[in-house]
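Residue numbers (my numbering), protein chains in the order written: chain A, 33 to 146; chain B, 35 to 146. All C-beta atoms, glycine included, are put in the ideal place defined by N, C-alpha and C.
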């Protein structure tokens with residue numbers, strides 16, 4: 033079945049450590065997205081990519097980095113510069129050829145601080 | 035700025051009662067509109083989408099939503115709530131292009 037796989041499901045970060053969240057999709061979608069979800073705040077866009085080797089900052093990109101070397105993969109690195117990384121992180125993808133396409137989501141990674 | 039507002043962060047209904055979750059958008063042109071559902075510790079699942087083909091949109095699990103341009107609303111309804119409907123619901127809008135804007139969500143509790 034086609035879908036989006038996020039791993040790990042739970043992740044713990046020590047102070048000063050960078051951690052990388054994995055996102056892989058086999059839907060052949062062009063666009064991929066990373067969101068952060070905090071209680072009561074909905075989803076906030078961190079980064080998005082419309083094509084391989086290209087990505088743009090979202091609303092809360094500070095302290096995060098991404099890469100898009102393959103169409104299927106869009107890993108997110110939470111750097112030590114992100115002082116409040118505890119959150120639920122969601123990866124999504126969509127067809128980008130025309131507007132109005134829904135985004136499809138993975139099951140998320142919950143990041144906590146040790 | 036384009037945005038979407040969900041009225042009521044928490045809604046409680048009795049099992050078998052009508053479910054009504056409210057969503058209003060701000061857009062100068064008819065946008066694309068979506069409803070998603072999220073169960074605990076899971077991602078978002080698409081319930082339904084409005085793309086101007088019809089104002090009344092039917093989705094999965096018995097949900098439907100009606101696009102009302104005059105009220106800039108896209109409320110989600112279900113005639114009879116089931117215990118399995120308890121979840122977080124998000125309204126989302128694409129005003130133009132492909133940028134999604136999500137509401138802050140409504141947590142639905144179903145009382146047995």
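Cβ-based burial, residue i [other Cβ within 10 Å; buried from 16]
i	result
residue 105(B)	exposed
residue 132(B)	buried
residue 36(A)	buried
residue 141(A)	buried
residue 61(A)	buried
residue 134(A)	buried
residue 87(B)	exposed
residue 114(A)	buried
residue 112(B)	buried
residue 90(B)	exposed
residue 116(B)	exposed
residue 83(B)	buried
Cβ-Cβ separation, residue j to residue i (assumed contact under 8 Å), whole Å
i	j	result
residue 38(A)	residue 138(A)	4 Å
residue 65(A)	residue 123(A)	7 Å
residue 70(B)	residue 79(B)	6 Å
residue 79(A)	residue 98(A)	4 Å
residue 85(B)	residue 132(A)	5 Å
residue 54(A)	residue 117(A)	Incorrect: roughly 16 Å between the Cβ atoms, too far for contact.
residue 81(B)	residue 93(B)	4 Å
Beta-carbon proximity check, residue i vs residue j, cutoff 9 Å
i	j	result
residue 48(B)	residue 145(B)	yes
residue 109(B)	residue 54(B)	yes
residue 38(B)	residue 101(B)	no
residue 81(A)	residue 93(A)	no
residue 110(A)	residue 95(A)	yes
residue 114(B)	residue 59(B)	no
residue 65(B)	residue 128(B)	yes
residue 125(A)	residue 48(A)	no
residue 67(B)	residue 120(B)	no
residue 87(A)	residue 100(A)	yes
residue 143(B)	residue 61(B)	no
Sequence-distant residues of its chain with Cβ nearer than 6 Å to residue i (five each side left out)
i	result
residue 56(B)	41, 109
residue 122(B)	72, 139, 141
residue 145(A)	45, 118
residue 91(A)	76, 77
residue 58(A)	34
residue 105(A)	56
residue 50(B)	114
residue 128(A)	62, 63, 82
Cutoff 8 Å; reference residue i; Cβ partners in own chain excluding five residues on either side
i	result
residue 98(B)	82, 90, 91, 92, 110, 111, 112
Proximal residues to residue i (C-beta, below 7 Å), its chain only, five neighbours per side dropped
i	result
residue 89(A)	79
Problem - Contiguous beta strand (DSSP E) assignments of at least 3 residues, all confined to the segment 90–127 of chain B - result: 90–92, 98–102, 107–112
Exercise for the section: Kindly provide the ranges of any beta strand (DSSP E) runs that are 3 or more residues long and lie completely inside the segment 111–138 of chain A, ordered along the chain. Expected result: 119–126
Problem - Sequence ranges, alpha helix (DSSP H) only - wholly within the segment 74–112 of chain A, length at least 4 - result: none
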